[in-house]
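S.K.: The numbering used here puts the last residue of the sequence shown at 436; the count rises by one with no breaks. We put the beta carbon where it would ideally sit given N, CA and C, even for glycine. If you're wondering where the values come from, they're calculated on a predicted model, not measured in any experiment.
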Amino acid sequence: MFPGGGCNVVSAVNGAPAISVFPAKVGYFGYYFALGSVIAFYGVIFTSKGMSPSHIGLLLSFTPLANTVLFPTVTYIADRFQCSSHILVMCCIASSFFTAVFLLSNTTVAALISFHLLVVTRSPISPLLDQHTLSIFPKEGRVKDWGALRSFGALGWGVGSAVSATTVDLTSTWALASFLFAAGQVGVLYCVLRSKPYEVVERTPMQFHEVFLFVLHHRRLLLFLTASCFMGAGFALVNNFLFVFLETLGGSKVLMGLSLALTVSTEIPIFQNAKYFQELFTDRQMLSISMATWMLRVVGYSLLQNPWLVLLLEPLHGITFGFTWLPGVHIVNTVFPPNLSNSATGFLYFFVNGIGPITGSVLGGAIYEWLGPRVMFRAAAFVVFCVLVLFVFLDRYLEKEEAVSATAGDTLACTTDAVVAGEVRLSGESERC
Numbered sequence: 004m005f006p007g008g009g010c011n012v013v014s015a016v017n018g019a020p021a022i023s024v025f026p027a028k029v030g031y032f033g034y035y036f037a038l039g040s041v042i043a044f045y046g047v048i049f050t051s052k053g054m055s056p057s058h059i060g061l062l063l064s065f066t067p068l069a070n071t072v073l074f075p076t077v078t079y080i081a082d083r084f085q086c087s088s089h090i091l092v093m094c095c096i097a098s099s100f101f102t103a104v105f106l107l108s109n110t111t112v113a114a115l116i117s118f119h120l121l122v123v124t125r126s127p128i129s130p131l132l133d134q135h136t137l138s139i140f141p142k143e144g145r146v147k148d149w150g151a152l153r154s155f156g157a158l159g160w161g162v163g164s165a166v167s168a169t170t171v172d173l174t175s176t177w178a179l180a181s182f183l184f185a186a187g188q189v190g191v192l193y194c195v196l197r198s199k200p201y202e203v204v205e206r207t208p209m210q211f212h213e214v215f216l217f218v219l220h221h222r223r224l225l226l227f228l229t230a231s232c233f234m235g236a237g238f239a240l241v242n243n244f245l246f247v248f249l250e251t252l253g254g255s256k257v258l259m260g261l262s263l264a265l266t267v268s269t270e271i272p273i274f275q276n277a278k279y280f281q282e283l284f285t286d287r288q289m290l291s292i293s294m295a296t297w298m299l300r301v302v303g304y305s306l307l308q309n310p311w312l313v314l315l316l317e318p319l320h321g322i323t324f325g326f327t328w329l330p331g332v333h334i335v336n337t338v339f340p341p342n343l344s345n346s347a348t349g350f351l352y353f354f355v356n357g358i359g360p361i362t363g364s365v366l367g368g369a370i371y372e373w374l375g376p377r378v379m380f381r382a383a384a385f386v387v388f389c390v391l392v393l394f395v396f397l398d399r400y401l402e403k404e405e406a407v408s409a410t411a412g413d414t415l416a417c418t419t420d421a422v423v424a425g426e427v428r429l430s431g432e433s434e435r436c
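(1) Thinking C-alpha only, which one of Asp172, Asn70, Ile48 and Val302 is nearest Ala114?
(2) Three Cβ pairs or more, each shorter than 8 angstroms: is that satisfied between the region 140-155 and the region 262-280?
(3) State buried or exposed for His89, treating a residue as buried only when at least 16 other CB atoms are found within 10 Å of its CB.
(4) Here's the rule: buried if 16 or more other CB atoms are within 10 angstroms of the residue's CB, otherwise exposed. What is Phe385?
(5) Which class does Ser430 belong to by DSSP, given the choice of helix, strand or coil?
(6) For Ile370, which residues in the same chain have their Cβ closer than 8 angstroms to its Cβ, ignoring the five residues on either side in sequence?
(7) Evaluate His461 with the Cβ neighbour count: other Cβ atoms within 10 Å of its Cβ, from every protein chain shown; 16 or more gives buried, anything less gives exposed.
(8) According to DSSP, is Gly7 part of a helix, a strand, or is it coil?
(9) Report the CB separation of Pro360 from Gly235 in whole angstroms; it is logged as a contact under 8 angstroms.
(10) Identify every run of the alpha helix (DSSP H) within the region 253-323, keeping only runs that are complete inside it and at least 4 residues long; order them along the chain.
(11) Whose C-beta lies closer than 6 angstroms to the C-beta of Tyr304 among residues of the same chain, with five residues either side of it excluded?
(12) Let me know the secondary structure DSSP gives Thr174 once reduced to three states.
(13) In this structure, does DSSP put Pro141 in helix, strand or coil?
(14) Measuring CB atoms only, is the region 77-86 touching the region 277-296, in the sense that at least three cross pairs come out at less than 8 angstroms?
(15) Judging by CA-CA distance, which residue of Leu306, Thr266, Ser344 and Phe339 is the nearest neighbour of Thr323?
(16) Out of Leu106, Ser198, Pro75 and Phe233, point me to the one whose CA is closest to Ser346's CA.
(17) So is Ala406 buried or exposed if we call it buried at 16+ other beta carbons inside 10 Å?
(18) Classify Lys403: buried if its beta carbon has 16 or more other beta carbons within 10 angstroms, exposed otherwise.
(19) Using a Cβ-Cβ cutoff of less than 7 angstroms, which residues in the same chain neighbour Val177 once the five nearest sequence positions on both sides are dropped?
(20) So is Pro56 buried or exposed if we call it buried at 16+ other beta carbons inside 10 Å?
(21) Work out the CA separation of Met294 and Thr269 for me, nearest whole Å.
(22) Pull up the distance between the alpha-carbon of Val195 and that of Asn309, whole angstroms please.
(23) What is the rounded straight-line gap between the Cα of Ile59 and the Cα of Phe140?
(24) Thinking Ser190 and Tyr34 are a contact (beta carbons under 8 angstroms), I'd like their distance in whole angstroms, please.
(25) Would you call the region 223-241 and the region 328-339 in contact, with 3 or more CB pairs under 8 angstroms?
(26) By Cβ distance, which residues of its chain are closer than 7 angstroms to Pro26, with the 5 residues on each side in sequence left out?
(27) Within the region 337-412, note down every full alpha helix (DSSP H) run reaching 4 residues or more, in order along the chain.
(28) Can you give me the Cβ contacts of Leu258 inside the same chain, cut-off strictly under 7 angstroms, excluding the 5 residues immediately before and after it?
(29) Tell me the rounded alpha-carbon separation between Val247 and Trp373.
(30) Please determine, among Val77, Thr102 and Val104, the residue with the shortest C-alpha to C-alpha distance to Leu91.
(31) Looking at Leu290: is its Cβ nearer than 8 angstroms to the Cβ of Phe244?
(32) Given a threshold of 16 other Cβ atoms within 10 Å of its Cβ, counted over all protein chains shown, does Met54 qualify as buried or as exposed?
(33) If you drop the 5 nearest sequence neighbours on each side, which residues of the same chain put their C-beta closer than 6 angstroms to that of Pro330?
(34) Determine the extent of the alpha helix (DSSP H) in which Val72 is found, giving its start and end residues.
(35) Does Met442 pass the burial test, meaning 16 or more other C-beta atoms within 10 Å, or should it be called exposed?
(36) If I follow the unbroken alpha helix (DSSP H) through Met234, where does it start and stop?
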């Protein structure tokens with residue numbers, strides 16, 4: 004049985020519509036199967052095309068750069084016109100086409116053009132698919148129910164990366180990976196066309212710039228997203244350069260595929276048990292645990308001499324990613340109103356998969372080439388440690404400030420009610436006189 008298995012239809016309660024979760028399972032498995040088959044190997048693919056680590060860093064920085072523009076823009080358009088399904092269908096088809104061109108191209112120009120078009124057409128799928136699957140549940144507790152579905156994405160990533168790595172090792176070409184990517188996107192199309200939102204949401208009346216102001220006015224939300232941004236930089240560092248480092252140690256494609264499979268070995272149970280973890284920990288605690296675990300993971304990378312020992316570190320990925328993403332999805336869906344649901348997920352991606360990875364890709368590639376991968380990983384661990392300390396201190400401060408403001412607001416409300424009640428009593432006595 005797949006993780007999160009069991010009934011594929013949640014029964015109706017009190018007249019509410021029944022919820023079919025099977026299309027969402029297929030969609031998540033298919034999408035991350037596609038990503039695992041190609042995108043997990045970007046660094047190795049560019050190396051095979053003759054790119055240096057610094058060039059790879061610059062090229063891969065285009066992905067988060069495009070994300071910073073696309074995520075808030077496309078998700079706002081989806082909220083403004085309620086057209087997320089149409090955008091998803093177009094992006095699935097276009098990204099499959101450009102993936103094939105990218106992998107099959109024999110010239111540098113064709114590879115670069117198709118790569119950039121692939122990034123532009125694939126990027127919007129992630130936040131829109133997340134919100135599409137979140138929307139099939141009622142707002143109350145939807146993030147806890149959604150976590151089990153998201154575990155299918157982790158499973159798809161592990162299977163896709165292992166199948167792709169094995170295929171490349173056997174055929175010595177990336178051509179067949181394009182078919183794996185397209186096959187995975189078929190699952191996304193099935194999800195989009197077969198699953199429906201739990202409730203109809205009106206178009207947002209807010210203008211584009213007002214959404215940014217909304218985020219700026221919620222200080223704890225902004226602090227959380229900023230801290231998550233550094234985790235996004237860390238994820239990009241590992242995704243882009245770990246395999247390049249392992250290759251210099253003599254690691255094979257099979258090892259890389261196995262390492263990706265192990266990354267999801269803990270990610271699956273964490274997402275499956277999202278409800279338990281979110282009841283046990285606060286959002287701040289989960290992100291703090293994620294940062295501490297990530298530091299341990301990359302310091303371990305910096306000490307590797309035998310590439311196969313990386314398999315002992317990869318299970319830590321489930322904690323670092325799961326404990327970043329689950330509280331992130333929870334906090335944005337709590338703070339943002341329903342008619343900005345796509346923008347809520349879009350802003351989480353904007354920070355974690357946009358702004359952060361730009362820094363991680365560019366600086367990581369430069370440090371890798373100048374000082375080597377071991378220094379790069381250790382320097383990144385030190386930066387995340389500093390961010391962790393600042394995040395915990397500032398969030399505690401803002402939490403206390405919010406509590407004081409809430410208490411003052413309650414006191415003012417009680418005082419106002421008392422004054423109004425007194426005026427009513429005086430008015431009644433005057434009338435009797």
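M.R.: Put simply:
(1) Ile48
(2) yes
(3) exposed
(4) exposed
(5) Legend: pLDDT at Ser430 = 48, less than 50; position of this residue unreliable, value from coordinates given subsequently. Note: Ser430 maps to helix in three-state DSSP.
(6) Val378, Met379 and Ala382
(7) The question about residue 461 has no answer here: the residues shown for the chain are numbered 4 through 436.
(8) Since pLDDT at Gly7 reaches only 41, below the 50 mark, its modelled position is unreliable, and no value is offered.
(9) 5 angstroms
(10) 256-275, 277-283 and 286-305
(11) Phe380
(12) helix
(13) coil
(14) no
(15) Thr266
(16) Pro75
(17) exposed
(18) exposed
(19) Looking at the sequence itself, residue 177 is Trp, so the reference to Val does not match. Around Trp177: Ile48, Leu106 and Val171.
(20) buried
(21) 16 angstroms
(22) 44 angstroms
(23) 40 angstroms
(24) This sequence places Gly at residue 190; Ser is not what is there. Contact holds; Cβ gap of about 7 angstroms.
(25) yes
(26) Tyr193, Cys194, Arg197 and Ser198
(27) 344-353 and 359-374
(28) Leu249, Pro310 and Trp311
(29) 15 angstroms
(30) Val77
(31) no
(32) buried
(33) Asp286, Met289 and Leu290
(34) Phe65 to Phe84
(35) For the chain, the structure presents residues 4 to 436; residue 442 sits outside this window and is missing.
(36) Arg222 to Thr251
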